[in-house]
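Participant: Heads up: the sequence shown runs through residues 20 to 117, numbered per our numbering.
Backbone N, C-alpha and C fix where the C-beta goes; we use that ideal spot for every residue, glycine too.
The structure displayed is predicted, hence computed values, not measured ones.
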Amino acid sequence: MQSLLWDAQRRAGISDEQITQAMVEKLAVNKQREWPEPKDGEPRLHIKEQPAPVVPESISVRQAISALESADCVTTIGQAYKMGWNACRAAMLNGGKS
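1. What are the boundary residues of the alpha helix (DSSP H) that includes arginine 108?
2. Of all the options Ile78, Pro62 and Gln37, which has the alpha carbon lying nearest to the alpha carbon of cysteine 107?
3. Return the first residue and the last residue of the alpha helix (DSSP H) that glutamate 88 is part of.
4. How long is the line joining the alpha carbons of isoleucine 144 and alanine 71, rounded to whole angstroms?
5. Whole angstroms is fine: what's the gap from lysine 101's alpha carbon to glycine 114's?
6. Who are the near neighbours of arginine 52 in its chain, counting only those whose CB is closer than 7 Å to its CB and skipping five residues on each side?
7. Can you tell me the Cα-Cα spacing of valine 48 and alanine 41, whole angstroms?
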């Protein structure tokens, strides 16, 4: 598809520099526009800065051992890893809300 556009551009005698300049000018116009707020359920058509990522608090080795000793059915390193992974995932999905 892009090659068809380039061919049409060449046939029309438009240089790459002219296309680039037109794109820069269009971007400047779009940046100055006042965009309406989206209606219910509509996605925003631009990207906003995302909130800070949520991560669990760090723990010491002693705290980790204590947590594993108090956990039910943790008998292998694989189970311990799974438990930690899922706890971290849950914290991220929860967005830091307890």
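Facilitator: The structure says:
1. 96-113
2. Ile78
3. 80-89
4. Residue 144 lies beyond the stretch modelled for the chain, which goes from 20 to 117, so this question has no answer here.
5. 20 Å
6. none
7. 11 Å
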